[in-house]
Amino acid sequence: MSVLVFGHRNPDTDAICSALAYADLLQRTTRPDALAACCGPPNQRTEYVLRRAGVAAPRLVMDVRPQVEDVCRREVVTASFGEAFQEAYERMRKFDLRAIPVVDADRRVVGVLSVLTMMELFFTDAADSTKARAVTTSLQKICDAVGGS
6 MSVLVFGHRN
16 PDTDAICSAL
26 AYADLLQRTT
36 RPDALAACCG
46 PPNQRTEYVL
56 RRAGVAAPRL
66 VMDVRPQVED
76 VCRREVVTAS
86 FGEAFQEAYE
96 RMRKFDLRAI
106 PVVDADRRVV
116 GVLSVLTMME
126 LFFTDAADST
136 KARAVTTSLQ
146 KICDAVGGS
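For what it's worth, the working numbering labels the leading residue of the sequence shown as 6, then goes sequentially.
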């Protein structure tokens, strides 16, 4: 994901040149993905200065609000349909996630598993024993959960 460097809205020559210069500095030092941008089209004076300097106008970005594509993960962390809660929870902790998609054998999303949903399942109201939940499992899954054999 690129870092966009802006001057100000309704950009004048100093705003556009500052964005170009700072983006260039970032590219040469710490952020090779930095790009100059502007929130409005350059005026005639700025176009003249850019032409004289042989510099291309910065990218025009009219809406600077973050988009889904700016923050979505490319490598999606998932849980498998028949997977134990503990395995899914450990993966969620490892990647600092509050929810993950649950996928079937064909990698199609069949649901979403959230930490809140897991907590609601495991921590019922102790005063109301009718809310206690029966859990069906296998010896292998218990061994996996406690690290036994």
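Using N, Cα and C, we set each Cβ at its ideal position, and we do this for glycine too.
Which of helix, strand or coil DSSP assigns to residue i
| i | result |
| --- | --- |
| residue 10 | strand |
| residue 115 | strand |
| residue 39 | strand |
| residue 107 | strand |
| residue 33 | helix |
| residue 50 | helix |
| residue 127 | helix |
| residue 17 | coil |
Same chain, Cβ closer than 6 Å to residue i, neighbours up to 5 away in sequence not counted
| i | result |
| --- | --- |
| residue 16 | 43 and 45 |
| residue 120 | 103 |
Span of the beta strand (DSSP E) around residue i
| i | result |
| --- | --- |
| residue 62 | Here residue 62 belongs to no beta strand (DSSP E), and DSSP marks it neither H nor E. |
Expected contact under 8 Å - CB spacing of residue i and residue j to nearest Å
| i | j | result |
| --- | --- | --- |
| residue 28 | residue 39 | 5 Å |
| residue 41 | residue 10 | 5 Å |
Residue i: first and last residue of the uninterrupted alpha helix (DSSP H) it sits in
| i | result |
| --- | --- |
| residue 151 | 144–151 |
Neighbourhood of residue i by C-beta distance below 7 Å, restricted to the same chain and skipping five residues each side
| i | result |
| --- | --- |
| residue 115 | 86, 107, 108 and 109 |
Legend entry - Continuous alpha helix (DSSP H) assignments of at least 4 residues falling wholly in the stretch 76–103: 90–99
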